[in-house]
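These notes concern the structure reproduced below.
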Amino acid sequence: MSIEVIGPVVAAMMTAATPLLFAALGELVVEKSGVLNLGVEGMMLGGAVVGFAVTVATGSSTLGFVAGAAAGAVLASLFGLLTLGLLANQVATGLALTLFGVGLSSLVGQGYVGHPIADVPELRIPYLTTLPIIGQPLFGQSLPVYLALAAVPAVHWFLFRTRAGLVLRAVGENHTAAHALGYKVIRIRFLAVLFGGAMSGLAGAYLALDYTPMWAEGMTAGRGWIALALVVFATWKPGRVLAGAWLFGGVTILQLHAQGVGFAVPSQLLSMLPYLATVLVLVLISRDVTRIRLNAPASLGKIFYPD
Amino acid sequence: MSMIRLEPRGQASPLWVYGAPLLAVALTLASGFVLFWAMGFNPVAALRAFFVEPLTSARGIGELVVKATPLTLCAVGLAVGFRANVWNIGAEGQLTLGAITGGGLALAFYGEGGWWLLPLMVLGGIAGGMAWAAIPAFLRTRFNASEILTSLMLTYVALLLLSYLVHGPYRDPDGFAFPESRLFEEAATLPVLVTGTRVHLGALFALAAVAGCWVLIARTFIGFQIRVIGLTPAAAGYAGFKEKKIIWLTLLLSGGLSGLAGLGEVAGPIGQIVPTVSPGYGFTAIIVAFLGRLHPLGIVLAALLMALSFIGGEAAQIGLGLPKAITGVFQGMLLFFLLGSDVLIRYRVRIGARKTVSQGATA
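Those protein sequence lines, which keep their order, are chains A and B.
Basically our numbering = 1-based index in the first sequence + 40.
Basically our numbering = 1-based index in the second sequence + 1414.
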């Protein structure tokens, strides 16, 4: 690999990591509040199709991103209503949300298959993009890529440096104690779930509006599930989500490049790599039971009924 | 205090255990009515085309059984795992592997088949599904990795593997480069049970699986352990039940049955190996398992209802020009409503503020 291609490859890796970053950071906040939402894939698809449709209708990708986030939050509110309001099993409800999101998005999106859209505005800083190696990755990306990067310290700051973040973590660690202290467990969790939905919606909108850019049925191709695995991989720490997302972005781009240069391995086998890599990192991190137990929110997935 | 609140029942309501699925179906139909109306279709005609017309012919009822067969096979196995809190959601991948291994035997012995070929394919399909489910079982018991995520990741891998095979080694040598295998010969095809329909031997496999899983859960010590682990993991630990053994057993069981379902598709209604073996039976089976209350007999009824949603979706697509994706919307809605309705099993819905019992106010 010659030195000139490093810049574009790193830039491509960062774009491939962006949807994972949005979705995983959102889910991280949800899980920190003690809720396990397995519906990320469904909410991403919802955000993708609504974001795409709104962009086609208005010609504005900014409105598309806003609408995508809103769609994700609406789907998440269904999950919140069922699991927090009606005390439904979180695993089953998350699966239902994914199945529902897959069906609903292909229903809404059928008129938009193969539809062209305008480009997402790029933040191109003059002269700096021509810098060797770092020029394109650092200064030639579209806005959402920077937004996702900025979300990493923002989520970290919120969770570990603000009072609201402390309360959210307390609710996730021990909902009974938090309730006894007078915190509104259900309201806090519902807000976290909405935030997770909006972030998943943004992730989907980014895929449909900028990364691909087009709408196709099931276009998230398991990225919602990979994002869920990233949260475990990151042991619920925002900074490590970034490392994990770049790792997966790297694997994705490498296998695409290998397919592009006609590597003597069938394309389907190369396409398996991101999924196999997910399994691998999940195994590497999960086998340390103590580390998982120390870092996982203690009330994760447990139903809360206020006495 | 909010106006609507939940009040715990002393014990689970037997009425709502069975009433909740009926309520969920009713709510789904009502939502379907609104959805069709909002999309500009005549809702009565659309619901009729979806849920009634497929049942008005012998062929339609046959198709119902054909589609309920893989759903039942996948769901009874999954339900045993769900009872033990083992969340295998990769039945679609295990089904695909069953089609790859069992169907691969049909291709390997093409032109040399005898009476032994079908039993061999059945065993091959079961083994393929079991092997695929053994990976999450191993990773969970040895490395503590979530079977939810690993079984789902392996589904994507299985679908890509199938795609590779039908574009490569499995492709019909006389097929003009279409990504399809040869048509299976007679000796490699499951016999049709009812002439004039496509109902095949797999339906009996499904019934046998239902009976077997019922005996396992309701009448054996293993089944007792599965139920205890699911309800109170701590008690199971004190009783000395081996959780790892149960994880292996439930994953191998559901994987094997899903593999059998996949073999049943390629050796039954499809008759060859194609890039898409299943329209998502493995995922829909998750809904079937919950709708059937994780009970083998309930699962048969739920599988028939979900099969109807597949056939109705096809019929409404052809007859009314409705999009095919509507099937998935109906299935997702049904599961949502069911999970919501289930709250009635353990809680009463009370309207109005909580009555506070003031001390001494007995008069």
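For every residue, glycine included, the Cβ atom is placed at its ideal position computed from N, Cα and C.
Note that the coordinates shown come from a computational prediction; the quantities given were computed from them, not determined experimentally.
Nearest residue (CA-CA) to residue i, options the options
i	options	result
residue 1686(B)	1623(B), 1455(B), 1514(B)	1514(B)
residue 328(A)	1664(B), 1555(B), 1682(B)	1555(B)
residue 1454(B)	1498(B), 1762(B), 1736(B), 1751(B)	1736(B)
residue 1516(B)	1651(B), 1676(B), 1656(B)	1676(B)
residue 1447(B)	1436(B), 1434(B), 1692(B), 1463(B)	1463(B)
residue 312(A)	141(A), 261(A), 201(A)	261(A)
residue 1566(B)	1694(B), 1606(B), 1639(B), 1437(B)	1694(B)
residue 1576(B)	1691(B), 1419(B), 1732(B), 1711(B)	1691(B)
residue 323(A)	1707(B), 1688(B), 1581(B), 1557(B)	1557(B)
residue 1441(B)	1745(B), 1760(B), 1759(B)	1745(B)
residue 1592(B)	1582(B), 1601(B), 1600(B)	1582(B)
Per-residue burial, residue i [other beta carbons within 10 Å of its own, 16 or more giving buried]
i	result
residue 47(A)	buried
residue 1532(B)	buried
residue 1765(B)	exposed
residue 1546(B)	buried
residue 123(A)	buried
residue 1570(B)	buried
residue 181(A)	buried
residue 1598(B)	buried
residue 1425(B)	exposed
residue 1782(B)	No answer is possible for residue 1782(B): it lies beyond the span of chain B, which begins at 1415 and ends at 1777.
residue 1632(B)	exposed
residue 1610(B)	exposed
residue 1451(B)	exposed
residue 146(A)	buried
Endpoints, beta strand (DSSP E) assigned at residue i
i	result
residue 1419(B)	1418 to 1422
residue 1765(B)	1761 to 1765
Distance between residue j and residue i (C-alpha atoms, nearest Å)
i	j	result
residue 110(A)	residue 103(A)	10 Å
residue 300(A)	residue 56(A)	16 Å
residue 1461(B)	residue 1750(B)	19 Å
residue 66(A)	residue 237(A)	7 Å
residue 1573(B)	residue 273(A)	25 Å
residue 319(A)	residue 340(A)	21 Å
residue 133(A)	residue 1524(B)	45 Å
residue 1757(B)	residue 1763(B)	9 Å
residue 1415(B)	residue 215(A)	Residue placement at residue 1415(B) is flagged as unreliable, the pLDDT there being 44, under the threshold of 50; the coordinate-derived value follows with that caveat. Cα to Cα, the separation comes out at about 19 Å.
residue 1777(B)	residue 1434(B)	At residue 1777(B) the pLDDT is 38, less than 50, meaning the model places this residue with poor confidence; the figure from the coordinates comes in the next sentence. In a straight line, the C-alpha of residue 1777(B) is about 39 Å away from that of residue 1434(B).
residue 232(A)	residue 70(A)	5 Å
residue 325(A)	residue 105(A)	33 Å
residue 1773(B)	residue 227(A)	The predicted position of residue 1773(B) is uncertain, since its pLDDT is 48 and thus under 50; a value taken from the coordinates is nonetheless stated next. C-alpha separation (whole angstroms): 31 Å.
residue 266(A)	residue 188(A)	17 Å
residue 1616(B)	residue 127(A)	38 Å
residue 1679(B)	residue 51(A)	44 Å
residue 317(A)	residue 1738(B)	33 Å
residue 1443(B)	residue 338(A)	39 Å
residue 185(A)	residue 194(A)	14 Å
residue 183(A)	residue 1541(B)	50 Å
residue 1727(B)	residue 140(A)	15 Å
Proximity below 8 Å, CB of residue i to CB of residue j
i	j	result
residue 1683(B)	residue 1480(B)	yes
residue 253(A)	residue 196(A)	no
residue 1696(B)	residue 1509(B)	yes
residue 1661(B)	residue 1551(B)	yes
residue 192(A)	residue 68(A)	no
residue 157(A)	residue 296(A)	no
residue 229(A)	residue 74(A)	yes
residue 1713(B)	residue 1613(B)	no
residue 1850(B)	residue 1699(B)	Missing from the structure shown is residue 1850(B); chain B here goes from 1415 to 1777 and no further.
residue 108(A)	residue 82(A)	no
residue 1636(B)	residue 1645(B)	no
residue 342(A)	residue 209(A)	no
residue 292(A)	residue 331(A)	no
residue 1484(B)	residue 1729(B)	no
Element boundaries [alpha helix (DSSP H), containing residue i]
i	result
residue 1668(B)	1657 to 1679
residue 1430(B)	1428 to 1452
residue 286(A)	278 to 300
residue 219(A)	215 to 220
residue 1486(B)	1472 to 1497
residue 336(A)	Here residue 336(A) belongs to no alpha helix (DSSP H), and DSSP marks it neither H nor E.
residue 1544(B)	1531 to 1557
residue 343(A)	Where residue 343(A) is concerned, there is no enclosing alpha helix (DSSP H), given that its DSSP letter is neither H nor E.
residue 1612(B)	Note, residue 1612(B): premise wrong, no alpha helix (DSSP H); not H, not E.
residue 262(A)	It is not in any alpha helix (DSSP H) - residue 262(A) carries neither H nor E in the DSSP assignment.
residue 184(A)	183 to 201
residue 1599(B)	Note, residue 1599(B): premise wrong, no alpha helix (DSSP H); not H, not E.
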